[in-house]
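With the UniProt record's numbering applied, the sequence shown covers 1 to 208. Cβ coordinates follow ideal geometry from the N, Cα and C atoms, glycine included.
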Amino acid sequence: MEIGGYKYRTAAVEAAAQTRLALQAELRRSHSAAMAPTAYGQASKEHLPPAHKLRKPMVEKLRRDRINTSIEQLKSLLGPEFLRQQPDSKQEKADILEMAVAYLRSWQQRKLQQQEEQQQQQQSLLTSGPVTAWDGYSRCVQEAVSFLSRCEVQTQAHRLLLSHFQGLQASSRNSLSPCSPSPPGSPLHQVSSSKGLRPSSSALWRPW
Numbered sequence: 001m002e003i004g005g006y007k008y009r010t011a012a013v014e015a016a017a018q019t020r021l022a023l024q025a026e027l028r029r030s031h032s033a034a035m036a037p038t039a040y041g042q043a044s045k046e047h048l049p050p051a052h053k054l055r056k057p058m059v060e061k062l063r064r065d066r067i068n069t070s071i072e073q074l075k076s077l078l079g080p081e082f083l084r085q086q087p088d089s090k091q092e093k094a095d096i097l098e099m100a101v102a103y104l105r106s107w108q109q110r111k112l113q114q115q116e117e118q119q120q121q122q123q124s125l126l127t128s129g130p131v132t133a134w135d136g137y138s139r140c141v142q143e144a145v146s147f148l149s150r151c152e153v154q155t156q157a158h159r160l161l162l163s164h165f166q167g168l169q170a171s172s173r174n175s176l177s178p179c180s181p182s183p184p185g186s187p188l189h190q191v192s193s194s195k196g197l198r199p200s201s202s203a204l205w206r207p208w
């Protein structure tokens, strides 16, 4: 009887242990099944690119389009300058930008030179005393010659105008003095000539 009871207790203990192991295995399976969607969701979120990474190519494309558009506008504006300096070369983006910088520098220098000339003219007007009509006429001729000499476009009409004004400038320097009469065609010359031709009423003799 004791041997039979011992065998019965041993079988009961083994059955309880197997039941406990089965329950633990079932709990582990249920826990892993419950955690599987969360892990998958985290992995999928990690693989999704953020919003700024999606926007970056679009922003970069817009930036390149703006740069290319501005360079094309510079190319159209500097077309005559390219034909004058580099008629046979291919117009690269770097060449267009360098040409734009050189053109702006030369324009700035011309602007400063014009301002200095204007300041010198104003100072000469303040120090030279009263200005006569012939002085103004000579100054206008001088400014016209200076402007035509700075023009880059050389045409036949441009050369004729420049030659004409240079002749006027030479004649104004050589043939006339500060006390000379006003040039023909000026308002003072017309007024003086009209006064000279008008008969004087005081010189007429009337018998009555």
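What is the rounded straight-line gap between the Cα of residue i and the Cα of residue j?
i	j	result
Q156	P57	54 Å
S106	D135	31 Å
Q115	K61	43 Å
Q123	C151	26 Å
A17	K53	56 Å
R66	E81	23 Å
R20	R29	14 Å
V59	Q109	38 Å
E117	Q73	33 Å
Q113	G167	25 Å
R63	K111	33 Å
A22	R55	53 Å
S194	Y137	Residue confidence is low: S194 scores 47 on pLDDT, short of 50, so the model does not pin down where it sits. Its coordinate-derived value is still stated next. Near 21 Å, if we compare the C-alpha coordinates of Y137 and S194.
A39	E14	Any reading at A39 needs caution, since the residue's pLDDT is 47, under 50, leaving its predicted position unreliable; the model's value is listed next. When rounded, the distance between both Cα atoms is 37 Å.
Could you check which residue in the options has the C-alpha nearest to that of residue i?
i	options	result
A94	Q142, N68, H158	N68
R84	Q154, L23, Q166	Q154
E98	L112, L78, Q113	L78
In this structure, how does DSSP classify residue i when only helix, strand and coil are distinguished?
i	result
C151	coil
L78	coil
E116	helix
Q109	helix
Q121	helix
E14	helix
E72	helix
E26	helix
K90	coil
P184	Interpretation of P184 is limited by its pLDDT of 49, a score under 50 that renders its predicted location unreliable; the figure taken from the coordinates is listed afterwards. If DSSP states are grouped into helix, strand and coil, P184 belongs with coil.
Whose C-beta lies closer than 7 Å to the C-beta of residue i among residues of the same chain, with five residues either side of it excluded?
i	result
Q169	V141, Q142, V145
H158	L148, C151
A100	L74, L78
Y103	L78, E81
Taking a contact to mean a Cβ-Cβ separation below 8 Å, would you say residue i touches residue j in this structure?
i	j	result
L148	L162	yes
Return the chain-ordered list of same chain residues with a C-beta closer than 6 Å to the C-beta of residue i, the five sequence neighbours on each side being excluded.
i	result
F165	V141, A144, V145
I71	K93, I96
E26	none
With a CB to CB cut of under 8 Å and the five nearest residues on each side skipped, what residues in its chain are close to residue i?
i	result
Q24	none
R139	Q121
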